[in-house]
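What follows is one structure encoded as structure tokens, with my remarks underneath.
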Amino acid sequence: MALNYGEIRDWEAADAGRLADAMIDRVAALESFEEEVRDAGQWQSWVNSLGEMMASRHFMDFRDSVTDAAAEAQAARNTAEQVESALTFLEAEVTSLEMYASGNQFRIGDTGVVSDLRFGVSLTPEEKLIREGIKRQIEQTVTEVVRSGRDIETLAADGLRAIAAGKIDDGGADTVSDAVESQNDVPPPPPQDAPAEQVRTWWESLTADQQQYMMDHEPDAIRNLWGLPSEVRDELNREALDRDISDARKDVDELREELEEYRDRPGGSDAYYAGMISMQSRVDAAERHLETLKRTRTAATGPDRMLLEYDLSEDLPEVAISIGNPDTADNVSLSVEGYTTNVHDSVIGKVNDAQNLNLAATELAPGESHATIAFLAYQHPQKADLLGVGTNTLALQEASKVENAARGIAVANTQTDVNLSLFGHSYGSTTSGIAAQELAVDGRSPVDNLALYGSPGFPELHPDTSATHPTQTAPTEDLMRPLPDKDALGIDEGRAFHMTEDGDFVNEIFGEVGTTTVGLGNPPRQWGLEELSMETTDVVVRTHPETGEPVAHDTRYGRDDYNRINGEDVGAHSIYTKNETVSLHNLAAIAADRLDLLAR
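Take the sequence shown: its position 525, counted from the start at 1, is 524 in numbering that gives the first Met the number 0, and no numbers get skipped.
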């Protein structure tokens, strides 16, 4: 029978603690018994006799059974302590959830069904919308609690099952203390692509000493695991970045020295110049790599900045930098960047965009905390990859990274009602649209808001081909497309948006006709995403920190006015996140959960 919320609510961490204490007592008793057996086995008057040999062999076998028992007791203790540690955190989460539900007049049943205690009461449309959002947040948290409970249940079952099956031994130990030590290895970390919920359960099952051990001895194995505390990841990633910069400097210096030595040789042949060109290319590549690392450090340096991901294992470096702590923020946004974006050329600018978004969101909701994440942590097409940008193959491949990042933010955040927004620009919108569907597969997406801008569209993962419609300019049978199901995104009504600037080449190239011929998917308007204004308008730019009432208005600009006022020539595809634009204002309103302040 499947584990349900009510059973998890009744769990007590103290039960596991009592088992751990009992195993501590058992090990102590075995240590005492070991001493007695050792003393009893020394028959001085029978030295070199057959009786002494038989007694010695018997007591040696007996001591082996004692050390095996000690190993089993310690294994049971370790399992119990891991379960107790994970349950202690889960208990606090359940208590917080129950208080939040009760305070908003909701009740959570044993099966996890959330009931509105104000059902039947006359409410305004705005009040209904607010209560629907609260209910959805409670349901999402219940789902996360049940997932964590199942992981803890599996952890306990696997540990105790191994003991019952006789799979625990003392590892050849001669003493009880050695047998105990043989069981004290830290449980290995999950793989790099492990689900965030699994990562969190593993981390919380470790003792404080074990967590520190992992940070000291296995930093590269854990620093990019979504689901770990952000402070841990930030600390370990900064240490790794500093090491890599030091190594990269040495590589550059050595290659430059080799090149100078080569130039000093007598030469002039074609082979000589070919060698020089080859060595110069190596120097250039090393210098570019060093510059990429230095720019990453620059982007991650500043108040409240956190280096959440830093990965050099793939073709493009992958980096995610947050302004603000996503573990404690009331509002978190994840901005997925797109075509031609890369760490070397873009990380400083994209993190500055995240900073501007954070400042604007803070002005709109000054009484709340905000974290805005620049997400360059996936492989996406570059300028030379025209074939890649014309298909959704890479987006389908890489969307799981966005999905796991969103889940990691949700499970690591300590707020019961965190407002999580997923933003996608250009090819990043294609990847985000796919990720949104993957997040909603179980019906409980952690994402509250979705906003796509400069979007070429994205495919429906599981289309209903029984309902189709023709493209506007090519209404032939072979170009009929399924109508996408907006519910597949897992986003509540009124919380999914898109912005399209006139003249944006991506929308023009990959528009309604283009999505059919090129194959990225349906454009946002066909998904039913609400289109927001890109025109210059007067908007609320600051609210009262306690009442939320508007206290300041100002003009936010469309592209033409922005360029005229600032003397710039920002293109249509690049305007969306520029400071003081109406598009950035809209993103800030979504990120701050102030949808009433959107420019529609």
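By construction, the Cβ of each residue, glycine as well, lies at the ideal position given by its N, Cα and C atoms.
Between residue i and the ligand COA, is the CB less than 7 Å from at least one heavy atom?
i, result
"E336", "What this structure holds is no ligand at all, so the ligand COA is not there to describe."
Using DSSP bridges, identify the partner residues of residue i.
i, result
"M609", "With the chain covering only 0 through 599, there is no way to say anything about residue 609."
"A370", "V331"
"F118", "Paired residues: none, contrary to the question."
"T300", "Partner(s): none; T300 has no beta bridge."
"G423", "V335, L451"
"V318", "Y309, L375"
"F457", "N521"
"T580", "Y556"
"N418", "N330"
Please confirm whether residue i and residue j have their CB atoms less than 8 Å apart.
i, j, result
"G337", "S428", "yes"
"T206", "A85", "no"
"Y452", "S582", "yes"
"A72", "V26", "yes"
"I600", "A299", "Coverage of the chain is limited to positions 0 through 599, which leaves residue 600 absent and any answer about it impossible."
"A247", "H288", "yes"
"L224", "P189", "yes"
"A69", "A178", "yes"
"I607", "R296", "Absent from the model: residue 607. The displayed extent of the chain is 0 to 599, so no value can be given."
"V251", "E196", "no"
"F645", "E529", "In the structure as shown, the chain begins at 0 and stops at 599. Residue 645 is therefore absent and cannot be evaluated."
"V550", "L596", "no"
"D416", "M305", "no"
"L443", "E138", "Checking the sequence, you will find Arg at residue 443 rather than Leu. Yes, they are a contact pair."
"P483", "N391", "no"
"V93", "R8", "yes"
"T142", "L96", "no"
"I372", "L307", "yes"
"V440", "A405", "no"
"Y309", "A370", "no"
"T542", "L363", "yes"
"Y561", "T546", "no"
"S425", "H572", "yes"
"E131", "D491", "yes"
"G148", "L235", "no"
"K485", "G520", "no"
So, is residue i buried or exposed, given that buried needs 16 or more other C-beta atoms within 10 angstroms?
i, result
"E80", "buried"
"L393", "buried"
"L116", "exposed"
"D611", "Outside the modelled stretch of the chain, which goes from 0 to 599, sits residue 611, for which no answer is possible."
"Y4", "buried"
"P302", "exposed"
"M98", "exposed"
"S204", "buried"
"R563", "exposed"
"R106", "exposed"
"R615", "Outside the shown range of the chain, which is 0 to 599, sits residue 615, and nothing can be said about it."
"P124", "exposed"
"R242", "exposed"
"K349", "buried"
"A13", "exposed"
"E11", "exposed"
"I167", "buried"
"D157", "exposed"
"Y272", "exposed"
"P522", "buried"
"A359", "buried"
"A164", "exposed"
"Q471", "Any reading at Q471 needs caution, since the residue's pLDDT is 49, under 50, leaving its predicted position unreliable; the model's value is listed next. Label assigned to Q471: exposed."
"G510", "Residue placement at G510 is poorly supported in this model, since its pLDDT is 46, which falls under 50; the coordinates are not used for a value here."
"A100", "buried"
"G513", "For G513, the pLDDT reaches just 41, beneath the cut-off of 50, and the residue's location in the model is therefore unreliable, although a value from the coordinates is still provided. Label assigned to G513: buried."
If residue i sits next to residue j, beta carbons under 8 Å apart, how far is it from one beta carbon to the other, in whole angstroms?
i, j, result
"N330", "A588", "No, N330 and A588 are not in contact; Cβ-Cβ is about 11 Å, not under 8 Å."
"F374", "L438", "The pair is not a contact, with the Cβ atoms about 14 Å apart (cut-off 8 Å)."
"S431", "V401", "6 Å"
"V601", "Q209", "Lying outside 0 to 599, the shown extent of the chain, residue 601 is not represented and no answer is given."
"Q600", "N341", "This structure cannot speak to residue 600, because the chain is shown only from 0 to 599."
"L315", "Q378", "5 Å"
"V569", "R555", "Not quite, the Cβ-Cβ distance comes to about 15 Å (not below 8 Å), so this is no contact."
"A435", "L421", "6 Å"
"A598", "N578", "About 15 Å separates the two Cβ atoms, so there is no contact after all."
"I574", "E500", "6 Å"
"D326", "P228", "6 Å"
"E365", "P544", "The residue asked about is misnamed: residue 365 is Pro in this sequence, not Glu. Between P544 and P365 the Cβ distance is about 4 Å, and since that is below 8 Å, they are a contact."
>> So within the stretch 106–175, which uninterrupted beta strand (DSSP E) runs reach at least 3 residues, ignoring any that extend past its ends?
In response: Correct list: 113–115.
> Of all the alpha helix (DSSP H) runs that stay within the bounds of the stretch 520–555, which reach a length of 4 or more residues?
Replying inline: For the stretch 520–555, whole alpha helix (DSSP H) runs of length 4 or above, ordered along the chain, are 523–526.
> What are the start and end residues of each continuous alpha helix (DSSP H) run of 4 or more residues lying completely inside the stretch 174–225, in chain order?
Replying inline: Complete alpha helix (DSSP H) runs here, min 4: 175–180, 195–204, 207–216, 218–221.
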